[in-house]
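Novice: This is the structure I have questions about; it appears just below.
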Ligand SMILES: Nc1ncnc2c1ncn2[C@@H]1O[C@H](COP(=O)(O)OP(=O)(O)O)[C@@H](O)[C@H]1O
Ligand SMILES: [Mg+2]
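Here's what the structure looks like:
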């Protein structure tokens, strides 16, 4: 399949801030790509450039084979955008919003009404069609916004944090809509801070940090990069950590062990579940009280934190970064360091 989106060496500065720093990205036609990154990573800047709303300082952008920087007006009919903040008119009804957009896209009167009704039904908004948008819930607005970006049936759609701030039910409604779009062959580029969302929706994920793509792959590939399985042991008494580590050392074959100071130990292992009986025997013999013990595959969270943390090596005298609950011990394991605190 050809690339629906091809971005090369995109850079954008705001004063001293390098919002984008030589960012490369390709999105194959008909796939869903998730741009995953923390706040301030540069996700919205990428989307705004791709949607022809913002010009980069340098780099190239091709969308559906068209040079989007040279010929933005030729790109626009191919794309739809749902921004991070709802862009529908509160003083109109849901139906009026969609009909007006249809007219703006130069559809005839009858066709505009028909398309508005069709989308309202598809997005579960038929009952609220005649209500002012002002009275809609956040989830309903977001769905209407998404419907609005689909009026002209674009081939490529950009969704900037489509579910941020939504309740779980509205979130899964949006997920279903995105899955349907993808199934119908639409190319989707979505940004998200939620690993679960990227895992659920995206064929491939591009991890963005400080304005550049630092890793790219399927969710499974990214998990594999963090390696193996995780053995997690929750101790009844955090003070027993050293004793527990001594007890299991022989069984886990000297794998580095990390703990969070609150009784949770993490060990990178292979052949996890088979080790369980021996682990239980050794811990019992050492009189270590265990609350819980599981073996799991690394999650996309593990991968994400490991990837972003590896890049952040603070200067020795710098203030320590604010603690992120899982980041530190996961990184210690990923890097093969032993972390005994
Ligand atoms: N209009 C602007 N003026 C100045 N700085 C901006 C502007 N827009 C974004 N930035 C900065 O650029 C960086 C990337 O922002 P953004 O693309 O919004 O990130 P994200 O969407 O991933 O949270 C941030 O450091 C942000 O503060
Ligand atoms: Mg943003």
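In our numbering, the protein residues as written are 812 to 1152. Here a beta-carbon is modelled for each residue, glycine too, at the ideal position from N, C-alpha and C.
#1: Run through the stretch 833-878 for me and flag every whole beta strand (DSSP E) of 3 or more residues, listed as ranges in chain order.
#2: Taking one C-beta from the stretch 1107-1121 and one from the stretch 991-1009 each time, how about it: are there three or more such pairs within less than 8 Å?
#3: What are the residues that DSSP puts in a beta bridge with residue 1107?
#4: State yes or no: is the C-beta of residue 971 nearer than 7 Å to some heavy atom of ligand 2?
#5: Any residue with its Cβ nearer than 6 Å to a heavy atom of ligand 1 should be included. What is that list in chain order?
#6: For the alpha helix (DSSP H) containing residue 1096, list its first residue and its last residue.
#7: For residue 1146, which residues in the same chain have their Cβ closer than 7 Å to its Cβ, ignoring the five residues on either side in sequence?
#8: Using alpha carbons as the reference points, say which of 957, 961 and 964 lies closest to residue 973.
#9: From the beta carbon of residue 1099, is the nearest beta carbon of chain D less than 8 Å away?
#10: Going by the DSSP bridge assignment, what does residue 891 pair with across the sheet?
#11: Please indicate yes or no: does the CB of residue 1079 lie closer than 7 Å to some heavy atom of ligand 4?
#12: Could you give the distance in angstroms between the alpha-carbon of residue 997 and the alpha-carbon of residue 835?
#13: Residue 1094 to residue 1066, Cα distance in whole Å?
#14: Are residue 1117 and residue 1016 close, meaning C-beta to C-beta below 8 Å?
#15: Note the first and the last residue of the continuous beta strand (DSSP E) segment covering residue 824.
#16: Judging by CA-CA distance, which residue of 1028, 821, 920 and 849 is the nearest neighbour of residue 1019?
#17: Which residues in the same chain as residue 838 place their Cβ atom closer than 7 Å to its Cβ, once the five residues preceding and following it in sequence are excluded?
#18: Apart from the five residues on each side of it in sequence, which residues of its chain come closer than 6 Å, Cβ to Cβ, to residue 1073?
#19: Within the same chain, show all residues whose beta-carbon is closer than 6 Å to that of residue 1084, passing over the 5 residues directly before and after it, in chain order.
#20: Using DSSP with H/G/I as helix, E/B as strand and the rest coil, what is residue 926?
#21: Taking 8 Å as the cut-off, does the stretch 935-950 touch the stretch 899-913 (at least 3 CB pairs, one atom from each stretch)?
#22: Is the beta carbon of residue 971 sitting closer than 8 Å to the one on residue 854?
#23: CB residue 831 to CB residue 1022, shorter than 8 Å?
#24: Based on Cα-Cα distance, which residue from 1070, 1115 and 1046 lies nearest to residue 1097?
#25: Just to confirm the assignment, what range does the alpha helix (DSSP H) spanning residue 989 have?
#26: Given a cut-off of 8 Å on the beta-carbon distance, is the pair residue 867 and residue 821 in contact?
Specialist: This is what the structure holds:
#1: 843-847 and 869-874
#2: yes
#3: 1041
#4: yes
#5: 825, 828, 830, 848, 850, 851, 852, 853, 854, 855 and 856
#6: 1083-1096
#7: Residue placement at residue 1146 cannot be trusted, given a pLDDT of 36 that sits under 50; what the coordinates show is reported in the next sentence. Counting only Cβ-Cβ distances below 7 Å, and skipping sequence neighbours, we find nothing.
#8: 957
#9: Among the protein chains of the structure shown there is no chain D, as only one such chain exists.
#10: 968, per the DSSP bridge assignment.
#11: As for ligand 4, it is missing from this structure, which binds only ligand 1 and ligand 2.
#12: 21 Å
#13: 16 Å
#14: no
#15: 814-825
#16: 849
#17: 814, 815, 816, 844, 998 and 1000
#18: Closer than 6 Å at the Cβ level, and outside the excluded window around residue 1073, lie 1049.
#19: 1106
#20: helix
#21: Yes, the stretch 899-913 is in contact with the stretch 935-950.
#22: yes
#23: yes
#24: 1046
#25: 979-994
#26: yes
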